[in-house]
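Under this note's numbering, the first residue of the sequence shown is numbered 1490, with each subsequent residue one higher.
C-beta: ideal position from N, C-alpha, C; glycine also.
Bear in mind that the values here come from a model prediction, so they are computed numbers and not experimental data.
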Amino acid sequence: MKKWVGFLILVFFIFLPMIHVPGQEKFLNPGELYDSSITLYYKGKYDEAIEGFSKIVQSVPTSTLVSYSQYMIGLCYLKMGKYEEAVQQLELYVKTYPDGDRIREAEKGIQIAKEYVKEKSSYPLTAAQPFMKKIPREGKDPKRRICAQISHLEGKNLEEVEKRVKELKNAGVNTILFRVFQNKGDRVYKFVATRQEEGVYFKTEHAPIVDDILGNISEIAHRNGLDIFAWVTTRYAHFGPEGPPEYRCKRYNFETRKIEIARGFNLFHPDVLKRLEGLFRDLGRYPIEGILFQDDLILYHNEDFSAEANQSFLKEFGYLPHPDIFYINPYQSESGKYYTKGYTDRFRSWANWKNRWLMNVAQQLMKAARETNPNLQFALNLYFEAILDDFNGMAWFSQTLSEALKNDFDYYAVMAYHRQAMRDRKIDLKEAMELMAVVAQKVVRSVGNPSKVLMKVQIFDWKNNEILPPKEVEGILNGILNHGEVSLAFFPYIEKFPLHSIKGKWVSPSK
């Protein structure tokens, strides 16, 4: 009998830690815990966020989220105005992860925290005013840019191209965003000697070369006092031979209920990332001021179910992604498209994880380009839906402004295409103008410096093949510019639109 009693006591103590106590916090895996801690951070609940990040650091030291959690602990202290603790935690991050993705931000955070420590004796700081100084990438904030985004030029030779560039200069433009990629079916520049049906317009070993013209265009822009950003694709840069199927993204087909190959690269495959890094490294060799990420650095709500993505997610979260645990009551609309009535918590974790992954890919590509051109600036294309609603941006595109702000972008390029919004949302012009004004207000408040906000204004309706009336564009500009002197980009640039006629919206008469 005594043996049985002893055995039962032993079993009790072995399984005691597994007994659920009412009110006790349930166990979260590292990915879910990180997401919940990030949410607490953005709600201003810094103590609770620190507790969550600390659990990851202490409980799962082999997780790839440990380094990010350590950085976020320091950032929380910085937000709280606890500058000595912020210095201690951020220095620990720098020492422990010298090659970490947040090294630059951590070093700047240390610098700012130390400045506050020095100033502490001069004037009091409260926890309500913890982080008033910005952390610019370098010594000064990016300048305000007025851009023409060029997807096509009518010039038949470089002399005619230069004439167009001079006209842009006279219209008050100071930067051109020049398309350096060619997809099948895109209009080809008339002034190039086409070698390939698709590819890029600069020299590289990592993609087919249509023609090496970026150097000439850069020279023309600089000769006329304009800066130039190379507008380049990422996921859709699968030019040339198809390559192995594992290089392609995988999506869930709601109709067939099967996983299938989708358009675009699999950004979870190391060979694909290596190729893109090479592409960006070669692009950085040209005398350009910056790079604009094309709007394909996203993943839709039913992408990416590739083997590499699934294994990476499994490693962090402990379960494989599967459509059955993500989508609530998918249905087919009258238009034939498939939608879902809702998403599960596990989908939210997956979408958040994809968002973080894409921003880490952006970091890798920026780092590669700066190896050959350290002074490059970067602009990220953002869907306006991601500005209006973090969840919708995360669910639909795996893109949120909050995640983008944690990365080292110089400009946040918001695609404020009002005519497209009118069709998609079934709203009239007045409502579209008001909507874009709200978008501008939200992004300026979040970013802080209006010059870093690049509002992209539609001047051509690609659905109706119509050049927009200048008064309509002025109305959009009025609503946007009420919220600060933001940077502007007119898309797509078309020479028949009288850009000079609305120049007064961003250039004072004295200029």
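Shortest alpha-carbon distance to Asn1742 belongs to which of Lys1532, Asp1813, Asp1701 and Phe1986? When the alpha-carbon of Asn1742 is set against those of Lys1532, Asp1813, Asp1701 and Phe1986, the nearest one is in Asp1813.
Between which two residues does the beta strand (DSSP E) harbouring Asn1742 extend? DSSP places Asn1742 inside the beta strand (DSSP E), whose first and last residues are Arg1737 to Asn1742.
With distances taken from CA atoms, which of Pro1959, Pro1987, Leu1988 and Leu1943 is nearest Ile1969? Leu1943
Name the DSSP beta bridge partners of Phe1718, please? Leu1666 and Gly1779
For Glu1921, collect the residues of the same chain with a Cβ closer than 6 Å to its Cβ; drop the 5 residues on either side in sequence, then sort them by chain order. Reading off the sequence, residue 1921 comes out as Ala, not Glu. His1907, Ala1910 and Met1911.
List the residues that DSSP assigns as beta-bridge partners of Ile1639. Phe1667
Using DSSP bridges, identify the partner residues of Phe1476. One cannot answer for residue 1476 here, as it falls past the ends of the chain, which runs 1490 to 2000.
Going by DSSP, what residues sit across from Val1903 in a beta bridge? Leu1871 and Met1944
Measure how close the beta-carbons of Val1975 and Ala1926 come, nearest whole angstrom, since I'm counting them as under 8 Å. The beta carbons of Val1975 and Ala1926 sit about 11 Å from each other, so the pair does not count as a contact at 8 Å.
Of the listed residues Phe1986, Glu1955, Leu1988 and Val1936, nearest to Gly1973 (C-alpha basis): Val1936
Measure the Cβ-Cβ separation of Trp1842 and Phe1802 and say whether it is below 8 Å. yes
Using a Cβ-Cβ cut-off of 8 Å (strictly less than) and excluding sequence neighbours within five positions of Thr1833, which residues of its own chain qualify? Ile1814, Phe1815, Tyr1816 and Ile1817
By a C-beta neighbour count over all protein chains shown, 10 Å radius and 16 as the cutoff for buried, is Tyr1820 buried or exposed? exposed
Tell me, please, whether the segment 1749-1767 touches the segment 1784-1804 by the rule of three or more beta-carbon pairs shorter than 8 Å. yes
Can at least three beta-carbon pairs, one atom from the segment 1979-1994 and one from the segment 1954-1963, be found at a separation below 8 Å? A contact between stretches requires three or more CB pairs, one per stretch, nearer than 8 Å, and the segment 1979-1994 meets this requirement with the segment 1954-1963.
As assigned by DSSP and simplified to three states, the class of Pro1631: If DSSP states are grouped into helix, strand and coil, Pro1631 belongs with coil.
Counterpart residues of Pro1819 in DSSP-defined beta bridges: Thr1829
If you compare alpha carbons, which of Ile1698, Leu1847, Asn1971 and Arg1724 is closest to Ala1682? Ile1698
With a Cβ-Cβ cutoff of 8 Å, do Val1669 and Asn1713 count as a contact? no
Do the CB positions of Asp1785 and Arg1746 come within less than 8 Å of each other? No, the Cβ-Cβ distance between Asp1785 and Arg1746 is not below 8 Å.
Looking only at its chain, what residues have a beta carbon closer than 6 Å to the beta carbon of Glu1574, apart from the 5 residues adjacent to it on each side? Tyr1566
Can you list, in chain order, the residues of its chain with a C-beta nearer than 6 Å to that of Leu1579? Leave out the 5 residues immediately preceding and following it. For Leu1579, where only same-chain residues beyond five positions count, the Cβ hits under 6 Å are Gly1563, Ala1595, Gly1598 and Ile1599.
How many Å lie between Lys1915 and Ala1602 at the Cα? 48 Å
Which class does Val1928 belong to by DSSP, given the choice of helix, strand or coil? Residue state, collapsed to three classes: helix.
Pick from Gln1638, Ile1709, Gly1729 and Ile1665 that is closest to Gly1688, judged by C-alpha positions: Gly1729
8 Å contact criterion, which Phe1949 and Met1904 should meet: CB distance rounded: At roughly 14 Å, the Cβ-Cβ gap does not stay under 8 Å, so Phe1949 and Met1904 are not in contact.
Nearest by alpha-carbon distance to Lys1692: which of Glu1656, Tyr1736, Leu1768 and Gly1674 is it? Leu1768
Beta-carbon contacts of Lys1623 that lie in its chain and below 8 Å, excluding the five residues immediately before and after: Confidence in Lys1623 is poor, its pLDDT being 33 and thus under 50, which makes the residue's placement unreliable; the coordinate value appears in the next sentence. Answer for Lys1623: Asp1630, Gly1937 and Asn1938, listed in chain order.
Given Gln1852 as reference, the closest of Glu1892, Arg1835, Ile1983 and Asp1771 once Cα atoms are compared: Glu1892
State yes or no: is the C-beta of Phe1718 within less than 8 Å of the C-beta of Ile1635? Not a contact, by the Cβ cut-off of 8 Å.
Measure the CB-CB distance between Thr1585 and Gln1559 and report whether it falls below 8 Å. Cβ atoms of Thr1585 and Gln1559: closer than 8 Å.
Bridge partners of Gly1533, per DSSP? The partner list for Gly1533 (beta bridge, DSSP) is empty, contrary to what the question assumes.
On a Cα-Cα basis, can you pick out the residue from Trp1951, Val1933, Trp1839 and Phe1980 that is closest to Asn1518? Trp1839
Ile1539 and Leu1522 - do their beta-carbons sit closer together than 8 Å? no
Please report the distance separating the alpha-carbon of Ser1707 from that of Arg1593. 29 Å
Residue burial classification, Asp1878 (beta-carbon count within 10 angstroms, cutoff 16): exposed
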